[in-house]
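**Q** Convert by adding 131 to the 1-based position in the sequence shown; the result is the number in our numbering. Have a look at this one.
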Amino acid sequence: MGFELVEEAMHQAVAQGVFPGAVLLVRAGESFFYLRAFGYRSLLPERTPMHEDTIFDVASLTKPLATTVAVMLLVKEGKLRLDDRVSRFFPNFGVHGKGYITFRQLLSHCSGLPASKPYYKEVLAEEQRRGRVNFLGTSAAKAFVYQRIERERTEAEPGTRALYSDLGFMLLGAAVEQLSGMTLDRFCQDRIFRPLGLRTTGFVDLALLRARRLEPVTEWIAPTEQCPWRKKILWGEVHDDNAYAMGGVAGHAGLFSSARDIDTILCRLEESYYNVGRMIPQRLIREFWTRDPTVPDSTWCLGWDSPSPQGSSAGRYFSPNSVGHLGFTGCSVWVDLDRHCHVILLSNRVHPYRDNDGIKAFRPYLHDLVREALG
Numbered sequence: 132m133g134f135e136l137v138e139e140a141m142h143q144a145v146a147q148g149v150f151p152g153a154v155l156l157v158r159a160g161e162s163f164f165y166l167r168a169f170g171y172r173s174l175l176p177e178r179t180p181m182h183e184d185t186i187f188d189v190a191s192l193t194k195p196l197a198t199t200v201a202v203m204l205l206v207k208e209g210k211l212r213l214d215d216r217v218s219r220f221f222p223n224f225g226v227h228g229k230g231y232i233t234f235r236q237l238l239s240h241c242s243g244l245p246a247s248k249p250y251y252k253e254v255l256a257e258e259q260r261r262g263r264v265n266f267l268g269t270s271a272a273k274a275f276v277y278q279r280i281e282r283e284r285t286e287a288e289p290g291t292r293a294l295y296s297d298l299g300f301m302l303l304g305a306a307v308e309q310l311s312g313m314t315l316d317r318f319c320q321d322r323i324f325r326p327l328g329l330r331t332t333g334f335v336d337l338a339l340l341r342a343r344r345l346e347p348v349t350e351w352i353a354p355t356e357q358c359p360w361r362k363k364i365l366w367g368e369v370h371d372d373n374a375y376a377m378g379g380v381a382g383h384a385g386l387f388s389s390a391r392d393i394d395t396i397l398c399r400l401e402e403s404y405y406n407v408g409r410m411i412p413q414r415l416i417r418e419f420w421t422r423d424p425t426v427p428d429s430t431w432c433l434g435w436d437s438p439s440p441q442g443s444s445a446g447r448y449f450s451p452n453s454v455g456h457l458g459f460t461g462c463s464v465w466v467d468l469d470r471h472c473h474v475i476l477l478s479n480r481v482h483p484y485r486d487n488d489g490i491k492a493f494r495p496y497l498h499d500l501v502r503e504a505l506g
């Protein structure tokens, strides 16, 4: 099975500055596995080569790979029902007409909540205005952000429009913590990552690092952006501003992982989907991996996206029965459930600066080449 055109495209993407480097993993059925690194892990302060086991800040892949799986487990255990109202667990959330928003609507991005808000600026202002030294990144700052979300107004009537929302997944992270009695990172580590044998997947708890006066181990981590307000290249520190303000552990962003580990997660979820695995009941994962019917024409499943009829990042050849997700830092996963294959592309396209959107055109082109190579 020839991947020469795929590899040529990856090399060209590096040369054209689509990303400094990337790791591509393709699995098809039980017989085909492809994994290769391209380009550079870092450009600044010096060039270092990309490796197959490089760890990436996967940004919004946190949503499907950590938070959504955690919610699945809570539903499996009867601790949460998808059609429960969020205000049942967060009474203060019910203001401004949000009392009927359900967890299903958060997962399928039709709650009407805004896409994002610069809460990190409010946290910084709180730290500076009130003299709250080292407030940023603490559990108190995280609670402060949750309070702001509870007071938000919706931008659309709940259940009437698909509007991708970080805020909804921040709340889902809070729900996991409240219902499990554990922090989100501890729950994911104990209930998902460790049982799967993952060694390079987890959140970087900034408060813990600060308390122990530790620095993230950056030897195998791909750096992201030269951050204008943190005034440094982010390396082993979450790129997302709000997740950083919340201490690095949040439901919408903050996960670090490698291609091999993500492959393991996808394999176990796919086994559950085909009813040959025990991680998630088949009925439940099929509900999560089916387009939610609440909003007509929405491509959103529960915690996962599906290919849009035109212009999908999955390209032209992934079947309608596919699920996937993108991450702002340059990461993506797509799973074709009819053809038993998945493609993982991990890059740090925001390094050293984010003003580069070449990956938008490159993703579907790459996926088409992969599908053509697979036949």
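For every residue, glycine included, the Cβ atom is placed at its ideal position computed from N, Cα and C. Computed from a prediction, not measured in an experiment: that's the story for all the values here.
If you draw a straight line from the alpha carbon of Tyr236 to that of Pro289, how long is it in whole angstroms?
**A** What sits at residue 236 in the sequence shown is Gln, not Tyr. If you take the alpha carbons of Gln236 and Pro289, they lie about 8 Å apart.
**Q** Taking the alpha helix (DSSP H) that Tyr405 falls in, what are its first and last residues?
**A** First-last for Tyr405: undefined, no H or E at that position.
**Q** Please report the Cβ distance between His240 and Tyr295, rounded to the nearest whole angstrom; I am assuming they are in contact, meaning their Cβ atoms lie under 8 Å.
**A** 5 Å
**Q** Between the Cα of Asp184 and those of Gly442, Met377, Ile475, spot the shortest distance and give me the residue it belongs to.
**A** Ile475
**Q** Please work out which residues of its chain come closer than 7 Å, Cβ to Cβ, to Tyr250, disregarding the five sequence neighbours upstream and downstream, and give them in chain order.
**A** Val276, Arg279, Asn373, Ala376
**Q** Report the three-state DSSP secondary structure of Ile232 (helix, strand or coil).
**A** coil
**Q** Just to confirm my understanding: we take Arg447, look at its own chain, exclude 5 residues before and 5 after, and list those with CB closer than 6 Å. What are they?
**A** Asp499
**Q** By the 10 Å Cβ neighbour count, where 16 or more other Cβ atoms means buried, how is Val264 classified, buried or exposed?
**A** exposed
**Q** Under the DSSP definition of a beta bridge, which residues are partnered with Asp467?
**A** Ser453, Cys472
**Q** In whole angstroms, give me the CA-to-CA distance for Ala293 and Phe234.
**A** Answer to the nearest angstrom: the Cα atoms are 14 Å apart.
**Q** So is Val281 buried or exposed if we call it buried at 16+ other beta carbons inside 10 Å?
**A** The sequence given here places Glu at residue 281; Val does not occur at that position. Per the 10 Å Cβ criterion, buried.
**Q** For the beta strand (DSSP E) containing Tyr165, name the first residue and the last one.
**A** 163–173
**Q** Looking at the structure shown, is Gly385 part of a helix, part of a strand, or coil, going by DSSP?
**A** coil
**Q** Can Arg460 and Asp188 be called in contact, C-beta distance under 8 Å?
**A** The amino acid occupying residue 460 in the given sequence is Thr; Arg does not appear at that position. Contact flag set, yes.
**Q** Which same chain residues end up closer than 7 Å to Thr314 when comparing Cβ atoms and leaving out the 5 residues on each side of it in sequence?
**A** Glu308, Val380
**Q** With distances taken Cα to Cα, identify the nearest neighbour of Ala305 among Leu329, Ile323, Lys273, Gly328.
**A** Lys273
**Q** Can you tell me where the beta strand (DSSP E) with Leu155 in it begins and where it stops?
**A** 152–159
**Q** Between the stretch 415–435 and the stretch 361–370, do at least 3 Cβ pairs fall closer than 8 Å?
**A** Contact between the stretch 415–435 and the stretch 361–370 is absent, with fewer than three C-beta pairs closer than 8 Å.
**Q** For Leu204 and Gln147, I'd like the C-alpha separation in whole angstroms.
**A** 42 Å
**Q** Can you look up Lys273 in the DSSP assignment and give me helix, strand or coil?
**A** In the three-state DSSP reduction, Lys273 falls in the helix class (H, G or I).
**Q** When DSSP builds the beta bridges, which residues end up paired with Ile364?
**A** Gln357
**Q** Identify the residues that DSSP records as bridge partners of Arg341: which are they?
**A** Answer is none; Arg341 lacks a bridge partner.
**Q** Can you pull the DSSP bridge partners for Leu477?
**A** In DSSP, Leu477 forms a bridge with Val154.
**Q** For Arg485, does the three-state DSSP call read helix, strand or coil?
**A** coil
**Q** For Trp351, count neighbouring Cβ atoms within 10 angstroms of its own Cβ and tell me buried if that reaches 16, exposed if not.
**A** exposed
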